[in-house]
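Colleague: Here's a structure for you.
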């Protein structure tokens, strides 16, 4: 039995100076592997370096986060696409659109997202999507670039049941964070309760979004993904071991780990 934290940010300031201890706590909690996600070129380089130093336990997914869209030099796209060929990089992103915050103009976000999808379309690696209040445009760009029925996961899913059904209809997946454990997340729990176990993932998005029973504890860390998995197993009426085994297997297959 094991788990994979399918989305964490080990290179962020809150975590990067304690990675060895974090991985020890992962091992003690039954978390076998962590995918650390880079959000700009400098962060991506750090994520790849970390994954190479902890080969077999830490893997990387790297791309340009929509918050960074307004400040990416053109040369960085070539450098990022070169990084995508590193064997430790198992996912491309997180990339996508965020219309909740105004860190970058929407038009610029779409331009950067489209450019990454164009580069990613030639590679056989999964794409990790950040989507917030922009599902129509996100789906349009993905389908326009040929990603219908390709390996795509919407990380930190907090959408509606209709959103989840639309995503599934294109052959894509969703990933749940600690938000699903929150008392007020009833709508999300209803989605997770019946969602096929081989089509979902669990993540921390650490250092953010600590799950119950450590909600409010900062920073969140990858070992806490076991709390989210345990909550989902109870919610679905499954044993923790059975849920963890299926979820880990699905995650490994999806990312080619």
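In the working numbering, the protein residues as written are 6 to 262.
Note that beta-carbon positions come from the ideal geometry of N, C-alpha and C, so glycine has one too.
Using the beta-carbon count (16 or more within 10 Å), is residue 110 buried or exposed?
Modeller: Exposed: under 16 other Cβ atoms inside 10 Å.
Colleague: With residue 197 as the anchor, note down where its alpha helix (DSSP H) starts and where it stops.
Modeller: It spans 191 to 199 - the alpha helix (DSSP H) in which residue 197 sits, taken as one unbroken run.
Colleague: By alpha-carbon positions, which one of 92, 93, 139 ends up nearest to residue 100?
Modeller: If we check each option's Cα against that of residue 100, 139 comes out closest.
Colleague: Since residue 41 and residue 49 are thought to touch, with beta carbons under 8 Å apart, how far apart are those beta carbons, to the nearest angstrom?
Modeller: That belief does not hold up - the Cβ atoms of residue 41 and residue 49 are roughly 10 Å apart, past 8 Å.
Colleague: Look at the alpha carbon of residue 3 and the alpha carbon of residue 127, and state the distance between them as a whole number of angstroms.
Modeller: Residue 3 is absent from the structure shown; the chain starts at 6 and stops at 262.
Colleague: Since residue 181 and residue 237 are thought to touch, with beta carbons under 8 Å apart, how far apart are those beta carbons, to the nearest angstrom?
Modeller: With a Cβ gap of about 7 Å, residue 181 and residue 237 count as contacting.
Colleague: For residue 203, tell me which candidate among 253, 157, 216, 120 has the shortest Cα-Cα distance.
Modeller: It is 253.
Colleague: Would you call the CB atoms of residue 119 and residue 88 closer than 9 Å?
Modeller: Result no, Cβ atoms of residue 119 and residue 88 do not sit closer than 9 Å.
Colleague: Residues in its own chain within less than 8 Å of residue 72 by CB, not counting five upstream and five downstream?
Modeller: Once the five neighbours on either side are set aside, the close Cβ partners of residue 72 are 44, 103, 106, 108, 109.
Colleague: Drop a sphere of 10 angstroms on the beta-carbon of residue 211, count the other beta-carbons inside from all chains shown, and report buried for 16 or more, exposed for fewer.
Modeller: Residue 211 comes out buried.
Colleague: Contact check, residue 158 vs residue 179 under 8 Å by CB: the rounded distance?
Modeller: Rounded, the Cβ-Cβ distance is 7 Å, consistent with contact.
Colleague: Counting along the chain, where does the beta strand (DSSP E) carrying residue 172 start and finish?
Modeller: Counting along the chain, residue 172 falls outside any beta strand (DSSP E), though it belongs to the alpha helix (DSSP H) covering 166 to 174.
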